[in-house]
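Right, one structure below, let's go through it.
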Amino acid sequence: MTSHFFQRTGKRTNLRCAVYYSNERFHASGRTGNLSRTGGCVEGTEPVRPGMRLSVLVIPPDPHDSIWVRGATVRWCRGTRFGVELTDLPLDTTMRLARLVASQVPSLWASFTEA
Numbered sequence: 082m083t084s085h086f087f088q089r090t091g092k093r094t095n096l097r098c099a100v101y102y103s104n105e106r107f108h109a110s111g112r113t114g115n116l117s118r119t120g121g122c123v124e125g126t127e128p129v130r131p132g133m134r135l136s137v138l139v140i141p142p143d144p145h146d147s148i149w150v151r152g153a154t155v156r157w158c159r160g161t162r163f164g165v166e167l168t169d170l171p172l173d174t175t176m177r178l179a180r181l182v183a184s185q186v187p188s189l190w191a192s193f194t195e196a
């Protein structure tokens, strides 16, 4: 039995966004459990397999800032929960993801200091 280990390259935030994901055979929806500029965890409505290539539409709290990601590779899955690595992204998409993730840091820090 072959085991695959993928090292995360970006810090993840507990950012909950709606997502749509698809390949040539299906279209599905879900929510992110966490997100970084290089990947994330999705709880979806359609099961996927490791290695599967997906297109993902990330819909942040402001839906006008939706981000289309054409290069997402499934790295692990447990039922309909799975991790994706975002690869081969254009610079503008990478920057938009980085801004979205960074926008969550102050609110995360505030919730930590209020506890």
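Start counting the sequence shown at 82; every next residue gets the next number (my numbering).
Glycine included, each C-beta is placed from N, C-alpha and C at the ideal position.
Residue i - partner residues in DSSP beta bridges
{"i": "Thr-174", "result": "DSSP lists no partner for Thr-174."}
{"i": "Ser-103", "result": "His-108, Ser-136"}
Where residue i falls, given that 16 or more other Cβ within 10 Å makes a residue buried
{"i": "Pro-142", "result": "exposed"}
{"i": "Ala-153", "result": "buried"}
{"i": "Gly-125", "result": "buried"}
{"i": "Arg-180", "result": "exposed"}
{"i": "Gly-132", "result": "exposed"}
{"i": "Gly-111", "result": "buried"}
{"i": "Leu-167", "result": "buried"}
{"i": "Thr-90", "result": "The predicted model places Thr-90 with a pLDDT of 49, which falls under 50 and marks its position as unreliable; any figure quoted below should be read in that light. Thr-90 comes out exposed."}
{"i": "Arg-177", "result": "buried"}
Contacts around residue i, its chain only, beta-carbon distance under 7 Å, and the 5 residues preceding and following it disregarded
{"i": "Leu-138", "result": "Val-100, Tyr-101, Ser-147, Trp-149"}
Coarse secondary structure for residue i, derived from DSSP in three states
{"i": "Arg-151", "result": "strand"}
{"i": "Val-165", "result": "strand"}
{"i": "Arg-159", "result": "strand"}
{"i": "Pro-141", "result": "coil"}
{"i": "Val-182", "result": "helix"}
Neighbourhood of residue i by C-beta, 6 Å cutoff - its chain only, sequence neighbours within 5 removed
{"i": "Arg-151", "result": "Ser-136"}
{"i": "Glu-127", "result": "Phe-107, Ala-109"}
Own chain, CB closer than 8 Å to residue i, minus 5 neighbours either side, in chain order
{"i": "Ser-184", "result": "none"}
{"i": "Phe-86", "result": "Residue placement at Phe-86 cannot be trusted, given a pLDDT of 45 that sits under 50; what the coordinates show is reported in the next sentence. Counting only Cβ-Cβ distances below 8 Å, and skipping sequence neighbours, we find nothing."}
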